[in-house]
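Numbering (this note's numbering), first residue to last: 7 to 416. Glycine included, every Cβ here is placed at the ideal spot set by N, Cα and C.
Structure (structure tokens):
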């Protein structure tokens, strides 16, 4: 019996000795600082927690970004523009200055250009504190800034000469209606616009359930390319993402895929690849996380909230987007050019979209007028025969001599 008990104890010791180390490993805390995108996110948000358009916080964030890029060895410039700020009952009543930060290196005017961008402002105090309070814009859009800075950092260490220029742009005043990107595009000549191979945008790429890349409201080579480069970790957007009849300002329908800076480029014929995270849970219904409240534009848009609610997943999302952009554009530059060189052919013509929407509305109106006119014509036919008689019941007829029965009140 003693031998049996001893054997049992030894067996338990062996089992728990084997299991316990695995359990300890599985429960070890994650070291977020092992990830470049997280380090950039933490540094950026810690230094610049409030970045509302036109505020001192947004201005210092622009300076901070420019300094980081200069330390990487990039030549930088800024664009200053006016943006609407402040509100009375939700109506903008004043303007303030905002900035775009641009970084280039070894720029060759004889080459095409790839633009990689993200907006750096947030909604921490939008509408004078009446819209959001307490958020630091970690998801929207510290995550995009972190991704683009991580790509810029890796590229700054890249010795190979690329067959195109890479330009990094950090846009101000996106939350006020893509003001910064609109200004940037407005300053491009037609030749410069034609010379842009692709504009890549990163916005809210952290805590959403899934990662998406969008190039148009149909299949595009650039979306296919980046989805493939990511090994399936990034999805192409589903086809049904539109709400007809609700105009976004760009297309005659609403689509969540349109709500960022890339649309200012697409609107003038420049192809885009827009990265974002979320969940198209059913049809065109879009949420950041299924079964949870969205955090963008709320007080929960903080690094700590994402850590506590999403763990390492939000960092994995940023790393995936960063790697897809860097590997897709830099590491496989020749394949990238081959895939996206004809991307302009896939841009939907906004004129025909708007025209189609106008024709649809006109058709509905004309159909309504036609039905009204037809019914009114029938009434006139009856009145021509019956005069002012008080008709109690009748049937519709086509000719005055139809054998219809009328009942008159006495």
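In the structure shown, residue 371 falls within a helical segment according to DSSP collapsed to helix, strand and coil. Nearest Cα to residue 333 within the set 86, 183, 123 and 164: 164. Per DSSP, the continuous beta strand (DSSP E) segment holding residue 176 begins and ends at 171–177. Only exposed fits residue 372, as fewer than 16 other CB atoms lie within 10 angstroms of its CB. Per DSSP, reduced to three states, the secondary structure at residue 317 is coil, with no helix or strand assignment. Ranked by Cα distance from residue 182, the options 208, 57, 215 and 379 are led by 57.
Residue 117 carries a coil assignment under DSSP once its states are collapsed to helix, strand and coil. For residue 168, no alpha helix (DSSP H) run applies, since DSSP gives it neither H nor E.
Using a 10 angstroms sphere on the CB of residue 325, the tally of other CB atoms reaches 16 or more, which defines it as buried. Judged by DSSP in its simplified three-state form, residue 188 adopts helix. In this structure, the CA atom of residue 66 is about 16 Å from the CA atom of residue 46. For residue 194, there is no enclosing beta strand (DSSP E), as DSSP marks it with neither H nor E. Comparing alpha carbon positions, the residue from 273, 71 and 60 closest to residue 355 is 273. Beta bridge pairing from DSSP links residue 310 with no other residue. The segment 75–92 makes contact with the segment 183–194: 3 or more CB pairs, one atom from each, lie closer than 8 Å.
By a beta-carbon distance limit of 8 Å, residue 231 contacts residue 346. Their separation comes to about 7 Å.
Taking a contact as a CB-CB distance under 8 Å, the pair residue 195 and residue 283 does not count as one, their CB atoms being some 34 Å apart. DSSP links residue 110 through a beta bridge to 81. Boundaries around residue 269 are those of the alpha helix (DSSP H), 268–272, since no beta strand (DSSP E) includes it. Secondary structure note for residue 242: its beta strand (DSSP E) is the uninterrupted segment 240–242. Between the alpha carbons of residue 292 and residue 383 lies a distance of about 48 Å. Residue 350 and residue 202 have their C-alpha atoms spaced approximately 10 Å apart. Where residue 219 is concerned, the enclosing beta strand (DSSP E) starts and stops at 216–220.
In the structure shown, residue 329 falls within a helical segment according to DSSP collapsed to helix, strand and coil. Three or more Cβ pairs drawn from the segment 38–53 and the segment 152–159 lie within less than 8 Å of each other, which places the two stretches in contact.
The criterion of a C-beta distance shorter than 8 Å is satisfied by residue 173 and residue 108.
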